[in-house]
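Trainee: If you scroll down you'll find the structure; I have some questions about it.
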Amino acid sequence: MTTSLEKSDPQKPDDESLPGKPGTVPGDSPRALARARRRQAALRFWRQYRTHRAGLVGLAVLAVIALLALTAPLLVGADSQSVTNAPGGPMEAPSSEFPLGTDQFGRSLLALMLWGTRVSLTVGLLAAFLSVAIGTLIGITAGHFKGWYATVIMRVTDWFLVMPTLVLAIALATVLSRSIWTTILAIGVTTWPTTARLVRAQTLSVESRPYIERSRALGGGHRHIMSRHVLPNVMPLVLAQTTLVISTAILTEATLAFLGLSDPTIVSWGGLLQDAREAGAVSSGNWWYLAPPGLAIAVVALAFTLCGRAIESVLNPKLGVSR
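Its first residue numbered 1014, the sequence shown is counted upward by one per residue in my numbering.
Structure follows, in structure tokens:
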């Protein structure tokens, strides 16, 4: 028989205050559990990602380039872009003072390369974000609503797919004013169709699953289904596609700058190639004027591609991408 003393014993823990009971300890709140799941998912992703040697190489290269871009003002200073205060002679060969030589105005190519890193990475990231955002929005809505809306929007997507992306970007850059934002807009609004196609296919696959029908039966609207069920399931594909689009955006920006369709007052890798062409570096054999920006564009594009392929392999092991 239980006595009244045993019932009121302060030493005896109550069942509802045990740490194992969810919701009784502040750390076990739904928000904390969600954060813990996200941390575990991130750690699991990193463990799988680091098994891809090519992906690690690409990530290391991007980390170094991003560090150089962030520290460019400290390493070379803003006056290194000035034409009037150039420290060297025009198109000098590499030396101890100028490791990569000088351009046609006598500016250090190494300093210009560091400043160009900031512009090329900024344009690549922002243009890729715009492109993927447009493609994701169109892909999810086309896969969700179907009917006449999907038919019309996918025919427009097909038209963009068959049209050369570079030609459309050149047309936009020619019509609009020359600025870095025009370049970003021209790249972003012409490179989204591939993302839209991929996201629509994934959306159709997700919406055929039984829990989508249960959500509709429980009163879930279009916005709820697309934001809470479809979007989280297509995000891995979107993430992998973003890294691949960045490399395309950097190459397109370099092409537009080489054609003279970007802001001439901003130093970028493509702009340096355009300056080298105008200065006759090809005919005069001044390889140091051409090689650094060209190699930088190729290395960054390759690094983003390696990272994208590794991410795609981790998020979708069925692809069987070689490590």
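C-beta atoms are modelled at their ideal positions from N, C-alpha and C, and glycine is treated no differently.
Just how far apart, CA to CA, sit P1350 and S1095?
Mentor: The shown model of the chain, from 1014 to 1336, leaves out residue 1350, and the question about it has no answer.
Trainee: Apply the 10 Å Cβ neighbour rule to Y1162 and answer buried if 16 or more other Cβ atoms are within range, or exposed otherwise.
Mentor: Along the sequence shown, one-based indexing puts residue 1162 at 149. So Y1162 counts as exposed.
Trainee: What does the Cβ neighbour count give for E1110, buried or exposed, with the cut at 16 atoms within 10 Å?
Mentor: On the sequence shown, position 97 is the one that residue 1110 refers to. Burial call: exposed.
Trainee: According to DSSP, is S1240 helix, strand or coil?
Mentor: For this step, residue 1240 is matched to residue 227 along the sequence shown. Here S1240 sits in helix by DSSP.
Trainee: Cutting at 8 Å between CB atoms, please list the residues of its own chain near G1129, excluding the five before and the five after it.
Mentor: Here residue 1129 corresponds to residue number 116 of the sequence shown, with the count starting at 1. Here the set comprises V1280, S1281, W1282, G1284, L1285, P1306, A1309.
Trainee: Is it buried or exposed for H1065, if we count other Cβ within 10 angstroms and need 16 for buried?
Mentor: In the sequence shown, counting from the first residue as 1, residue 1065 sits at position 52. The residue is buried, with at least 16 neighbouring Cβ atoms inside 10 Å.
Trainee: Would you be able to state if there are at least three C-beta pairs under 8 Å between the segment 1128-1142 and the segment 1255-1272?
Mentor: yes
Trainee: Rounded to a whole number of angstroms, what is the C-alpha to C-alpha distance between T1203 and F1173?
Mentor: The count along the sequence shown starts at 1 and reaches residue 1203 at position 190. The count along the sequence shown starts at 1 and reaches residue 1173 at position 160. Rounded to the nearest angstrom, the two C-alpha atoms are 7 Å apart.
Trainee: With DSSP as the reference, label T1115 as helix, strand or coil.
Mentor: Position 102 of the sequence shown, counted from the first residue, corresponds to residue 1115. It is a strand residue.
Trainee: Compute the Euclidean distance between the alpha carbons of W1301 and L1328, then round it to the nearest angstrom.
Mentor: Counting from one through the sequence shown, the residue named residue 1301 turns up at place 288. Counting from one through the sequence shown, the residue named residue 1328 turns up at place 315. Cα-Cα distance, rounded: 41 Å.
Trainee: How is the alpha helix (DSSP H) around I1183 delimited, first residue to last?
Mentor: Counted from its first residue, the sequence shown places residue 1183 at position 170. Per DSSP, the unbroken alpha helix (DSSP H) holding I1183 starts and ends at 1178-1188.
Trainee: How many angstroms separate the CA atom of L1145 from the CA atom of H1242?
Mentor: Sequence index remark: in the sequence shown, residue 1145 carries index 132 (1-based). Sequence index remark: in the sequence shown, residue 1242 carries index 229 (1-based). Reading off the sequence, residue 1145 comes out as Val, not Leu. Rounded to whole angstroms, V1145 to H1242 spans 19 Å at the Cα level.
Trainee: Rounded to the nearest angstrom, what separates V1247 and S1190 at their Cα positions?
Mentor: The residue labelled residue 1247 in the question sits at position 234 within the sequence shown. The residue labelled residue 1190 in the question sits at position 177 within the sequence shown. For V1247 and S1190, the distance between alpha carbons rounds to 36 Å.
Trainee: Assuming D1116 contacts L1122 under a Cβ cut-off of 8 Å, what Cβ separation, rounded to an integer in Å, is found between them?
Mentor: The residue given as residue 1116 occupies position 103 in the sequence shown. The residue given as residue 1122 occupies position 109 in the sequence shown. Contact flag correct, Cβ pair sits at about 6 Å.
Trainee: Nearest to D1288 by alpha carbon, out of R1051, G1119, T1164, L1088?
Mentor: Taking the first residue of the sequence shown as 1, we reach residue 1288 at position 275. Comparing Cα-Cα distances from D1288 to each of R1051, G1119, T1164, L1088, the minimum goes to G1119.
Trainee: Cα separation between T1178 and A1049?
Mentor: In the sequence shown, the residue the question calls residue 1178 occupies position 165. In the sequence shown, the residue the question calls residue 1049 occupies position 36. About 42 Å.
Trainee: Could you check how far apart the C-beta atoms of V1212 and G1160 are, in whole angstroms? I think they sit under 8 Å.
Mentor: On the sequence shown, position 199 is the one that residue 1212 refers to. On the sequence shown, position 147 is the one that residue 1160 refers to. The Cβ separation is near 18 Å, so there is no contact.
Trainee: Within the continuous alpha helix (DSSP H) that includes E1220, where are the two ends?
Mentor: As a position in the sequence shown, residue 1220 is number 207, starting the count at 1. Start and end: 1206-1220.
Trainee: Determine whether the Cβ of L1264 lies closer than 9 Å to any Cβ atom of chain B.
Mentor: Structure shown: chain B not included; a single protein chain is present.
Trainee: Go to R1063, then tell me how far its alpha helix (DSSP H) extends in each direction, as first and last residue.
Mentor: Translated into positions along the sequence shown, residue 1063 becomes position 50. No residue range can be given for R1063, since it is assigned to no alpha helix (DSSP H) and is classified by DSSP as neither H nor E.
Trainee: Going by C-alpha to C-alpha distance, which of L1075, L1217, A1155 sits closest to P1206?
Mentor: Within the sequence shown, the letter at position 193 stands for residue 1206. Just measuring C-alpha positions, the residue of L1075, L1217, A1155 sitting nearest P1206 is A1155.
Trainee: Does S1296 pass the burial test, meaning 16 or more other C-beta atoms within 10 Å, or should it be called exposed?
Mentor: As a first step, residue 1296 must be located in the sequence shown, where it is residue number 283. The residue in question, S1296, is exposed, as its Cβ has fewer than 16 Cβ neighbours within 10 Å.
Trainee: CA-CA distance, W1059 and A1311?
Mentor: By 1-based counting over the sequence shown, the position of residue 1059 is 46. By 1-based counting over the sequence shown, the position of residue 1311 is 298. In a straight line, the C-alpha of W1059 is about 26 Å away from that of A1311.
Trainee: Counting only runs that start and end within the segment 1223-1269, where is the alpha helix (DSSP H) found for 4 or more residues in a row?
Mentor: 1223-1230
Trainee: Could you check whether L1127 and A1079 sit closer than 9 Å to each other, using their CB atoms as the reference points?
Mentor: Counting from 1 along the sequence shown, the entry for residue 1079 is found at position 66. Counting from 1 along the sequence shown, the entry for residue 1127 is found at position 114. No, the pair does not count as a contact, with Cβ atoms beyond the cut-off.
Trainee: Label L1250 either buried or exposed according to how many other C-beta atoms from any shown protein chain fall within 10 Å of its C-beta, with 16 as the threshold for buried.
Mentor: Taking the first residue of the sequence shown as 1, we reach residue 1250 at position 237. So L1250 ends up on the buried side.
Trainee: Quick check: the Cα distance between R1337 and L1069, rounded to an integer number of angstroms?
Mentor: Lying outside 1014 to 1336, the shown extent of the chain, residue 1337 is not represented and no answer is given.
Trainee: Does S1093 come out as helix, strand or coil in the three-state DSSP assignment?
Mentor: Within the sequence shown, numbered from 1, the residue matching residue 1093 stands at position 80. The answer is helix: DSSP assigns S1093 an H, G or I state.
Trainee: Taking C-beta to C-beta, are T1318 and G1114 nearer than 9 Å?
Mentor: Position 305 of the sequence shown, counted from the start, is the residue given in the question as residue 1318. Position 101 of the sequence shown, counted from the start, is the residue given in the question as residue 1114. Contact flag unset, no.
Trainee: Roughly how many angstroms lie between the CA atoms of A1076 and A1262, to the nearest whole one?
Mentor: Here residue 1076 corresponds to residue number 63 of the sequence shown, with the count starting at 1. Here residue 1262 corresponds to residue number 249 of the sequence shown, with the count starting at 1. Distance between the alpha carbons of A1076 and A1262: 19 Å.
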